[in-house]
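A short worksheet on the structure shown next.
Protein chains: 4
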Amino acid sequence: MHMMRVAVAGASGYAGGEVLRLLLAHPGLEVGAVTASANAGQPLGAVHPHLTPLADRVLEETTAAVLAGHDAVVLALPHGHSAALAAQLGEEVVVVDCGADFRLRSQWSWEAYYDTPWAGSWPYGMPELPTADGRQRARLRGARRIAVPGCYPTAVSLALAPGLAAGLLEPRDVVVVAASGTSGAGKAAKAHLLGSEVMGAMSPYGVGGVHRHTPEIEQNLQEVGGPEVEVSFTPTLAPMPRGILATCTARVTDAGLDPQALRAAWATAYADEPFVHLLPEGRWPSTGSVLGSNCVHLQVALDERVGRAVVVAAVDNLTKGTAGAAVQCLNLALGLPETTGLPLAGVAP
Amino acid sequence: MHMMRVAVAGASGYAGGEVLRLLLAHPGLEVGAVTASANAGQPLGAVHPHLTPLADRVLEETTAAVLAGHDAVVLALPHGHSAALAAQLGEEVVVVDCGADFRLRSQWSWEAYYDTPWAGSWPYGMPELPTADGRQRARLRGARRIAVPGCYPTAVSLALAPGLAAGLLEPRDVVVVAASGTSGAGKAAKAHLLGSEVMGAMSPYGVGGVHRHTPEIEQNLQEVGGPEVEVSFTPTLAPMPRGILATCTARVTDAGLDPQALRAAWATAYADEPFVHLLPEGRWPSTGSVLGSNCVHLQVALDERVGRAVVVAAVDNLTKGTAGAAVQCLNLALGLPETTGLPLAGVAP
Amino acid sequence: MHMMRVAVAGASGYAGGEVLRLLLAHPGLEVGAVTASANAGQPLGAVHPHLTPLADRVLEETTAAVLAGHDAVVLALPHGHSAALAAQLGEEVVVVDCGADFRLRSQWSWEAYYDTPWAGSWPYGMPELPTADGRQRARLRGARRIAVPGCYPTAVSLALAPGLAAGLLEPRDVVVVAASGTSGAGKAAKAHLLGSEVMGAMSPYGVGGVHRHTPEIEQNLQEVGGPEVEVSFTPTLAPMPRGILATCTARVTDAGLDPQALRAAWATAYADEPFVHLLPEGRWPSTGSVLGSNCVHLQVALDERVGRAVVVAAVDNLTKGTAGAAVQCLNLALGLPETTGLPLAGVAP
Amino acid sequence: MHMMRVAVAGASGYAGGEVLRLLLAHPGLEVGAVTASANAGQPLGAVHPHLTPLADRVLEETTAAVLAGHDAVVLALPHGHSAALAAQLGEEVVVVDCGADFRLRSQWSWEAYYDTPWAGSWPYGMPELPTADGRQRARLRGARRIAVPGCYPTAVSLALAPGLAAGLLEPRDVVVVAASGTSGAGKAAKAHLLGSEVMGAMSPYGVGGVHRHTPEIEQNLQEVGGPEVEVSFTPTLAPMPRGILATCTARVTDAGLDPQALRAAWATAYADEPFVHLLPEGRWPSTGSVLGSNCVHLQVALDERVGRAVVVAAVDNLTKGTAGAAVQCLNLALGLPETTGLPLAGVAP
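Residue numbers (UniProt numbering), protein chains in the order written: chain X, 1 to 349; chain B, 1 to 349; chain U, 1 to 349; chain F, 1 to 349.
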């Protein structure tokens with residue numbers, strides 16, 4: 001296979017490190033330039049000691065000059081930095097942005113949640129999303145610019161989409177509580193993220209709809225289920241490095257719904273999806289089972305007493321939730337088979 | 001202070017061990033007989049090496065003869081065993097049951113969720129519950145038989161009660177997702193509870209309203225908020241030994257509700273409660289902050305976008321969630337100040 | 001009991017927080033001023049949300065004026081700050097220093113390991129240490145200045161002292177590998193201490209005798225076993241918030257030593273010590289069993305194949321390893337029974 | 001590449017699961033029969049939910065008939081079961097045993113540590129071991145029977161071998177303390193391995209030279225450093241699912257040894273080894289950096305004060321410590337490049 005070269009900007013963070021881990025195992029892509037800002041000049045071994053084969057590669061400054069000349073560039077930067085860089089990279093270069101900058105199509109939503117100017121939007125990198133006019137995948141094949149979804153939106157959107165698409169769930173009574181591992185909060189040193197603080201502890205944050213992933217979740221679900229969809233979303237921090245467990249409930253539109261009919265919506269929606277797995281009845285997803293993999297594990301139940309569906313999704317926030325999605329998008333953009341190089345098996349126990 | 005003697009039946013489990021830990025620090029109660037079934041004959045040091053001062057105390061068989069002659073007996077047995085034992089203990093002995101046997105007042109509910117005959121009900125040991133005719137506390141002073149609440153019901157009931165009592169929350173649109181540490185699943189060796197399985201992993205269980213704490217939660221909230229209350233309850237297992245974080249949301253009855261008015265309901269309800277703390281605005285509960293303490297930490301927010309209140313409660317499932325509540329009930333039953341011997345500070349980090 | 005007032009300087013760190021937790025449960029001591037530097041002006045609830053009863057107490061600036069007028073002052077400051085403060089507090093005030101400043105009696109040792117001028121030494125707060133002329137305890141009764149031992153030195157010194165004192169261990173062939181929870185590294189935000197980094201990971205640090213606790217360990221063991229004692233000490237960071245497990249091995253002086261004779265040295269040495277427990281044969285210490293308690297759990301074995309004794313000690317680095325020792329010293333200095341207010345039972349599971 | 005088929009016996013345990021995970025990513029090997037005993041008849045998805053692509057494969061009974069007809073068979077069975085099975089598989093089948101049965105060349109050692117008859121020995125599957133007559137690798141190319149090393153012996157032997165081979169370390173003064181994740185203890189449900197027990201706790205086990213890996217470690221090191229080598233080995237259980245951190249110290253033979261000369265022995269020994277990495281000076285191994293990878297990370301220091309070398313090794317006990325070594329041996333036995341299909345990058349954070 002001809003190896004295409006991929007540069008990674010923002011390679012010293014957790015998302016960038018995971019992109020590099022996946023590229024190392026990819027048979028068609030190879031690691032090109034790796035760049036950083038504060039860590040520029042350091043060897044990768046100093047910031048990502050787990051990337052043994054890249055230990056001696058030196059982080060360069062994040063500039064368009066360094067990133068140019070690759071087949072593709074993955075941006076893993078804080079929001080607000082992608083637009084300027086992307087503008088300097090020619091249209092012949094595929095650019096995949098792991099940050100938030102180009103995810104929201106509504107300027108109003110962006111401005112309500114972010115502190116930088118709206119940069120516009122790019123095709124949204126969630127191939128499996130069953131939008132009104134077919135899978136999102138179709139828009140990603142051969143695309144030159146792709147916005148990689150956020151980690152929570154990945155878990156929540158794929159969990160709820162089939163039921164909303166099928167009209168089985170009330171769009172105005174959706175409640176999501178999700179637990180995330182600490183890597184979702186990034187690698188910047190903050191006292192409340194110290195191991196001493198987080199081990200043995202669960203706590204919520206961004207309560208009351210203020211988390212920035214809220215409008216992204218609603219954008220996705222509205223595309224699937226119509227403009228009435230609104231979501232109560234509460235994220236919590238769990239004592240584990242990786243993983244998202246999203247518990248999503250919604251009132252069913254038909255109180256007498258047959259549980260098998262409910263289940264069938266998910267089974268049908270994802271029957272041909274390589275990365276989205278509806279577990280057999282009776283087994284529930286665990287973040288431990290998807291660690292390091294690009295899979296989404298799902299299960300659905302009907303609580304007939306209260307007339308609500310409960311859908312639970314588990315993903316690895318860094319793999320399918322970020323870097324795995326980025327590589328999946330690269331595959332589509334570059335004309336490779338979509339699953340190339342992406343782990344289907346998790347690392348457990 | 002005259003020391004009253006307390007026997008603990010089922011002392012080899014996690015709940016029994018926590019009762020013993022609290023009794024060791026109690027200035028008015030002392031440890032009497034400690035009993036077990038499979039572990040009878042072993043020294044406590046072999047099953048609870050953390051209870052250093054009791055290391056040489058030998059576990060006796062759980063029989064009424066061994067338990068008799070104490071001022072009080074705490075039962076920490078699997079459900080189905082309490083009624084027969086309690087019947088053999090005279091009314092002069094205070095009996096506090098940490099198990100489920102006497103919690104539910106509805107035989108129908110019991111039979112829908114449990115596999116043993118309904119044993120009836122005892123006064124419910126949640127002093128802080130604001131029932132229609134005053135705090136539950138009044139029924140516990142001097143009581144001879146008390147049913148200690150379940151761990152999830154403690155967190156969820158105290159989280160939601162003020163809003164339901166004040167008519168601020170829709171009784172038919174209550175959704176609870178709660179995370180529990182593994183000690184809530186007990187000490188019996190099961191493969192899915194191995195450290196290798198649970199560290200780094202979150203997973204749900206008992207999804208769809210089938211968890212046995214569901215009817216207990218609804219019983220409490222119906223007493224507070226009327227017979228229409230129904231709850232969608234999803235418990236999840238978190239990678240930590242102790243702690244419950246309950247994220248409780250409900251649609252508010254008045255879409256234009258002032259956030260401060262919402263908050264005021266909780267502030268008022270718990271202003272005089274020694275163990276229930278509404279945190280200052282902007283701080284959210286963490287299970288890490290209540291570890292080993294008898295406190296409940298609460299916070300409430302209004303998500304005006306979607307018209308839902310979000311209330312989060314953190315408790316230690318073994319302390320306030322079980323053994324601390326048992327000692328609190330003992331204090332009330334035996335005429336001691338309610339807070340005697342109960343830790344208000346958690347062990348952190 | 002007349003309550004004596006204790007001020008805590010450096011109350012916003014982990015050591016200071018643990019001192020406050022223990023003072024809250026102490027029947028003879030009450031919390032006086034609480035001070036900090038960067039956090040001065042904040043309520044304690046913002047930095048130690050687990051100290052519920054003190055949530056509204058405001059941290060003052062650390063000055064001698066604020067600390068004066070108490071029966072005792074506990075210093076929990078970075079090294080280098082204690083001498084100047086202590087000099088401003090009259091001799092009528094008991095000062096107990098949790099930092100390193102006054103632990104080393106050798107200026108040469110201090111200067112080899114620390115970057116501030118040697119401040120001299122105070123009586124060393126390890127009551128149980130069996131020095132050549134009796135327990136260290138005798139020097140602490142009524143003392144006005146006490147240096148609280150370091151966490152590793154507590155575990156290692158108490159583990160090895162009986163064998164060295166009895167001449168059973170070769171003083172020049174002592175090897176210690178110890179694992180510590182992350183709270184030992186403090187509360188300052190550092191990237192390598194993030195939860196994401198430490199959960200699931202063990203790593204060494206300070207390898208090759210460079211850790212600052214090395215000279216303190218040797219000072220203690222030389223006092224017990226003579227000037228030839230030297231120690232190879234390797235600390236490691238373990239994925240838990242609290243606890244030290246010290247695995248200490250030394251060649252035995254008599255290759256034909258009877259294992260029971262070895263064991264007897266420890267049994268005799270600690271027979272009357274309330275906080276130091278030699279476990280029954282066959283049970284090994286676990287940091288989980290001493291969490292939050294002031295106990296040291298010990299076990300000893302003879303590896304006859306290779307002629308080495310292996311002694312393992314478990315302590316809570318913040319309790320017996322720091323704040324518990326400080327309170328134990330306060331008790332001795334203030335004329336209270338030595339065990340007053342100190343937990344003997346750990347918090348487990 | 002022609003795909004060779006590999007059967008896995010004992011596929012329901014942790015070692016078997018990891019072998020399957022690695023086979024799924026291997027370009028030249030494919031998963032054949034998967035067998036178990038108690039779990040026979042179950043789908044793999046029920047016992048290894050992380051192996052998503054194999055979820056529907058059904059575990060068969062472990063019999064020679066089922067295992068026959070493959071290019072290779074990996075045995076991941078409790079000790080005592082491999083000999084009888086292997087005898088029924090023809091010499092044309094490569095058999096790699098992850099258990100202990102064929103590791104020890106001394107019947108006397110076997111009988112001192114195991115409770116089943118000695119089965120003899122097979123070529124020892126540690127390609128990197130620098131034995132007196134060259135690397136062990138030479139004996140593995142084209143071998144038909146290979147004994148995969150134990151997890152602790154892998155870390156300890158590779159850590160100490162270069163120094164012993166170079167005569168820099170005293171063979172009679174070697175002390176090893178190693179911490180292992182809980183998966184090393186297997187998947188059988190035992191109360192002391194419950195998550196509630198192990199999270200937040202470190203404890204030793206098999207103290208005093210009684211751990212079964214002791215004779216295997218000594219066999220390896222004696223082959224490298226001569227018959228006088230003896231090792232004090234203390235394993236400890238750490239609160240993490242995977243990983244071994246081995247802290248190995250030995251007195252240096254030359255008290256005036258130059259630290260760079262010490263380091264050079266390791267640098268030279270492993271310069272051409274793809275999986276063994278001496279880290280740059282100043283960086284220490286972490287189990288977190290090798291999780292899921294086949295790498296060994298090493299660092300060495302000289303404690304000149306006490307005349308001891310300290311070598312620390314980190315491996316993933318299930319990958320390089322078991323299943324990765326098995327695949328590495330399969331590669332050698334089957335004539336594939338040694339590194340084929342084996343991850344060099346760990347999964348972090």
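Ideal Cβ placement from N, Cα and C applies to all residues, glycine included.
As the structure is a computational prediction, the values presented were derived from the model and not from experiment.
Residues of the segment 71-82 of chain F with Cβ closer than 7 angstroms to any Cβ of chain X, in chain order: If you check each beta-carbon in the segment 71-82 of chain F against every beta-carbon of chain X, none falls closer than 7 angstroms.
Proximity test, Cβ basis, 7 angstroms: X/Lys320 and chain U: Here residue 320 of chain X refers to the residue found at position 320 when the first sequence is read from its first residue. Output row for X/Lys320: interface = no.
Per DSSP, cross-strand counterpart(s) of X/Gly147: As a first step, residue 147 of chain X must be located in the first sequence, where it is residue number 147. This sequence places Ala at residue 147 of chain X; Gly is not what is there. Per the DSSP secondary-structure output, X/Ala147 pairs in a beta bridge with X/Asp97, X/Tyr124.
Distance between F/Glu218 and F/His70 (C-alpha atoms, nearest Å): Position 70 of the fourth sequence holds residue 70 of chain F. Position 218 of the fourth sequence holds residue 218 of chain F. Distance from the CA of F/His70 to the CA of F/Glu218, rounded to the nearest whole angstrom, comes to 34 angstroms.
Rounded straight-line distance, which links the Cα of F/Phe102 to that of residue 365 of chain F: Nothing can be reported for residue 365 of chain F, as the shown portion of chain F is limited to 1 through 349.
DSSP three-state assignment for X/Pro274, whether helix, strand or coil: By one-based count along the first sequence, residue 274 of chain X stands at place 274. DSSP places X/Pro274 in coil when its eight states are reduced to three.
Min CB distance B/Met4 to chain D below 7 angstroms: Among the chains of the structure shown, chain D does not appear; the protein chains present are X, B, U and F.
Same chain, Cβ closer than 6 angstroms to B/Thr247, five either side skipped, listed in chain order: Start at 1 with the first residue of the second sequence, and residue 247 of chain B comes out as number 247. Here the set comprises Val177, Val312.
For B/Cys329, the three-state DSSP class (helix, strand or coil): One-based indexing of the second sequence puts residue 329 of chain B at position 329. Helix at B/Cys329.
Any 3 or more C-beta pairs closer than 8 angstroms across the segment 324-337 of chain X and the segment 142-162 of chain X: The segment 324-337 of chain X makes contact with the segment 142-162 of chain X; the number of CB pairs closer than 8 angstroms reaches 3 or more.
Contact set between the segment 177-189 of chain B and chain F, restricted to residues whose Cβ is under 7 angstroms from the partner: Answer set for the segment 177-189 of chain B: Thr182, Ser183, Lys187, Ala189.
Contact with chain F by U/Trp284, beta-carbon distance below 7 angstroms: Counting from 1 along the third sequence, the entry for residue 284 of chain U is found at position 284. U/Trp284 counts as touching chain F.
Contact list for the segment 238-270 of chain B against chain F, Cβ threshold 9 angstroms: Listed in sequence order: Pro239, Met240, Pro241, Arg242.
X/Ser293 vs X/Thr319 beta-carbon contact at 7 angstroms: Within the first sequence, residue 293 of chain X is the residue found at index 293, counting from 1. Within the first sequence, residue 319 of chain X is the residue found at index 319, counting from 1. X/Ser293 places its beta carbon less than 7 angstroms from that of X/Thr319.
Delimiting residues of the alpha helix (DSSP H) encompassing U/Thr287: On the third sequence, residue 287 of chain U is found 287 positions in, with the first residue counted as 1. Run containing U/Thr287: 287-290, per the alpha helix (DSSP H) assignment.
Any chain U beta carbon closer than 7 angstroms to F/Val207: Numbered from 1 along the fourth sequence, position 207 holds the residue referred to as residue 207 of chain F. Yes, contact with chain U.
Within-7 angstroms CB hit, U/Ala345 to chain B: Here residue 345 of chain U refers to the residue found at position 345 of the third sequence. Taking a beta-carbon distance threshold of 7 angstroms, U/Ala345 counts as an interface residue toward chain B.
8 angstroms contact criterion, which F/Ala64 and F/Leu89 should meet: CB distance rounded: Locating residue 64 of chain F in the fourth sequence gives position 64, where the first residue counts as 1. Locating residue 89 of chain F in the fourth sequence gives position 89, where the first residue counts as 1. With a Cβ gap of about 6 angstroms, F/Ala64 and F/Leu89 count as contacting.
Span of the beta strand (DSSP E), counted from its first residue to its last, around U/Ala32: Here the question's residue 32 of chain U lines up with position 32 in the third sequence. Here residue 32 of chain U turns out to be Gly, not Ala, going by the sequence shown. Per DSSP, the unbroken beta strand (DSSP E) holding U/Gly32 starts and ends at 29-36.
Chain-order list of residues whose beta-carbon lies under 7 angstroms from that of B/Cys329 (same chain, five-residue window excluded): As a working mapping, residue 329 of chain B is identified with position 329 in the second sequence. Once the five neighbours on either side are set aside, the close Cβ partners of B/Cys329 are Val96, Gly125, Leu140, Ile146, Val148.
Option nearest B/Gly28 by Cα separation, candidates B/Pro349, B/Val347, B/Thr154, B/Gly341: Taking the first residue of the second sequence as position 1, residue 28 of chain B is located at position 28. Closest by alpha carbon: B/Gly341.
Cβ distance (whole Å) where X/Ala15 is taken to contact X/Leu67 below 8 angstroms: Position 15 of the first sequence holds residue 15 of chain X. Position 67 of the first sequence holds residue 67 of chain X. Rounded to the nearest angstrom, the Cβ distance from X/Ala15 to X/Leu67 is 16 angstroms, too far for a contact under 8 angstroms.
Length of the line joining the Cα atoms of X/Pro274 and F/His50: Taking the first sequence and counting its residues from 1, one reaches residue 274 of chain X at position 274. Taking the fourth sequence and counting its residues from 1, one reaches residue 50 of chain F at position 50. Rounded to whole angstroms, X/Pro274 to F/His50 spans 15 angstroms at the Cα level.
F/Leu336, enclosing beta strand (DSSP E) - first and last residue: The sequence position of residue 336 of chain F within the fourth sequence is 336, counting from 1. Run containing F/Leu336: none; DSSP gives neither H nor E here.
Inter-stretch contact at 8 angstroms, needing at least 3 Cβ pairs: the segment 275-285 of chain B / the segment 182-202 of chain B: With the cut-off at 8 angstroms, the segment 275-285 of chain B and the segment 182-202 of chain B do not touch.
Cβ-Cβ separation, F/Glu60 to F/Val34 (assumed contact under 8 angstroms), whole Å: If you number the fourth sequence from 1, residue 34 of chain F lands on position 34. If you number the fourth sequence from 1, residue 60 of chain F lands on position 60. Rounded, the Cβ-Cβ distance is 7 angstroms, consistent with contact.
Exposure label - B/Ala191; buried when at least 16 CB within 10 Å: The residue given as residue 191 of chain B occupies position 191 in the second sequence. With fewer than 16 Cβ atoms within 10 Å of its Cβ, B/Ala191 is classed as exposed.
contact_flag[the segment 233-241 of chain B, the segment 160-169 of chain X] where n(CB pairs < 8 angstroms) is 3 or more: In this structure the segment 233-241 of chain B does not touch the segment 160-169 of chain X; the number of beta carbon pairs closer than 8 angstroms is below three.
Boundaries of the alpha helix (DSSP H) in which U/Ala259 is found, first to last residue: Within the third sequence, the letter at position 259 stands for residue 259 of chain U. The sequence shown places Pro at residue 259 of chain U, not Ala. For U/Pro259, the enclosing alpha helix (DSSP H) has its first and last residue at 259-269.
Through-space distance from F/Val231 to U/Arg305, alpha-carbon basis: Position 305 of the third sequence holds residue 305 of chain U. Position 231 of the fourth sequence holds residue 231 of chain F. Their backbone Cα atoms lie some 9 angstroms apart in a straight line.
Residue from B/Leu298, B/Ser196, B/Gly80 with nearest C-alpha to B/Ser121: Taking the first residue of the second sequence as 1, we reach residue 121 of chain B at position 121. Put simply, of B/Leu298, B/Ser196, B/Gly80 the residue whose alpha carbon is nearest the alpha carbon of B/Ser121 is B/Gly80.
Rounded straight-line distance, which links the Cα of F/Ala250 to that of F/Leu77: Taking the first residue of the fourth sequence as position 1, residue 77 of chain F is located at position 77. Taking the first residue of the fourth sequence as position 1, residue 250 of chain F is located at position 250. Rounded to whole angstroms, the separation of the alpha carbons of F/Ala250 and F/Leu77 is 34 angstroms.
Local conformation of X/Ala178 per DSSP, three classes: Taking the first residue of the first sequence as 1, we reach residue 178 of chain X at position 178. Note: X/Ala178 maps to strand in three-state DSSP.
Chain X residues whose Cβ lies nearer than 7 angstroms to that of U/Val315: In the third sequence, residue 315 of chain U corresponds to position 315, counting from 1. What U/Val315 touches in chain X: nothing, since even the nearest Cβ is about 17 angstroms away.
Candidates B/Val74, B/Gly32, B/Ala38, of which the one nearest B/Arg57 by Cα: Within the second sequence, residue 57 of chain B is the residue found at index 57, counting from 1. Comparing Cα-Cα distances from B/Arg57 to each of B/Val74, B/Gly32, B/Ala38, the minimum goes to B/Gly32.
Classification of X/Ser82 by the beta-carbon crowding that lies within 10 angstroms, buried from 16 upward: Taking the first sequence and counting its residues from 1, the one referred to as residue 82 of chain X is at position 82. Here X/Ser82 is buried: its Cβ has 16 or more other Cβ atoms, across all protein chains shown, within 10 Å.
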